[in-house]
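Notes to accompany the following structure.
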Amino acid sequence: MELAKLNDEKKAAAIMQIRDHMKQLLEAYERTRNKTPKDTVELLTEMIGRKACLEAIANLVNIVGDWDGRLSTKCREWAKNVEGSVLRAELMEYCFYQPSEIHPSHIEQIAREAMSAETLWRETGKEAQASKPEEPQTQPRPKRKSRRI
188 MELAKLNDEK
198 KAAAIMQIRD
208 HMKQLLEAYE
218 RTRNKTPKDT
228 VELLTEMIGR
238 KACLEAIANL
248 VNIVGDWDGR
258 LSTKCREWAK
268 NVEGSVLRAE
278 LMEYCFYQPS
288 EIHPSHIEQI
298 AREAMSAETL
308 WRETGKEAQA
318 SKPEEPQTQP
328 RPKRKSRRI
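If you read the sequence shown in our numbering, its first letter stands for residue 188, the second for the next number, and so on.
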């Protein structure tokens with residue numbers, strides 16, 4: 188998403204949404220700090236939904252400086268291509284900074300888990316569509332004649 192292309196009202200709403208999602212990401216991390224990155228992604232998904240979860244994690248990756256080698260090229264490329272994510276320059280322009288609560292190596296782990304979850308969601312969505320049984324053609328039952336004795 189390019190914030191510069193939005194009108195002022197939409198831009199303000201988008202910035203508030205990014206802040207809210209980042210806040211919830213930090214809360215999910217704090218609550219799952221002693222668990223796995225998968226638990227963090229699952230909790231965040233429950234809190235804000237799949238799409239917003241991916242956007243929040245992508246924005247978290249994007250805010251980390253390119254100079255920081257603790258984030259892989261694979262994660263950085265994924266984050267830049269997540270629909271709805273914002274690139275670092277724009278995040279910095281609107282005063283978004285790397286949160287000190289999450290170490291960059293943990294950001295990498297969370298991003299990798301989000302990438303796996305995204306793939307799984309995509310595959311299960313396709314499977315669900317492919318395996319959806321067709322609606323059986325129902326024909327009305329013939330009326331039974333009542334037999335009175």
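Beta carbons are placed, not taken as given, at the ideal position from N, Cα and C, and that holds for glycine.
Asked	Found
Between the segment 269-278 and the segment 242-256, are three or more C-beta pairs nearer than 8 angstroms?	yes
Could you check which residue in G312, R206, L230 and G252 has the C-alpha nearest to that of A276?	G252
Between which two residues does the alpha helix (DSSP H) holding Q285 run?	Q285 -> no alpha helix (DSSP H), and no H or E assigned at all.
Could you tell me whether any non-hydrogen atom of the ligand MN is closer than 7 angstroms to the CB of L230?	This structure lacks the ligand MN, and indeed carries no ligand of any kind.
Report buried or exposed for N249, applying the criterion of at least 16 other Cβ atoms within 10 angstroms of its Cβ.	buried
Quick check on E295: buried or exposed, where buried means 16 or more other Cβ atoms within 10 Å of its Cβ?	buried
Taking 8 angstroms as the cut-off, decide whether the C-beta atoms of M203 and A215 are in contact.	no
Taking 8 angstroms as the limit between beta carbons, can you name the residues of its chain near I170, skipping five residues before and five after?	The structure shown has nothing for residue 170, since the chain only spans 188 to 336.
Just verifying my parser: in three-state terms, what is the DSSP assignment at E270?	coil
Label M279 either buried or exposed according to how many other C-beta atoms from any shown protein chain fall within 10 Å of its C-beta, with 16 as the threshold for buried.	exposed
If the criterion is Cβ atoms closer than 8 angstroms, does the pair V228 and E300 meet it?	yes
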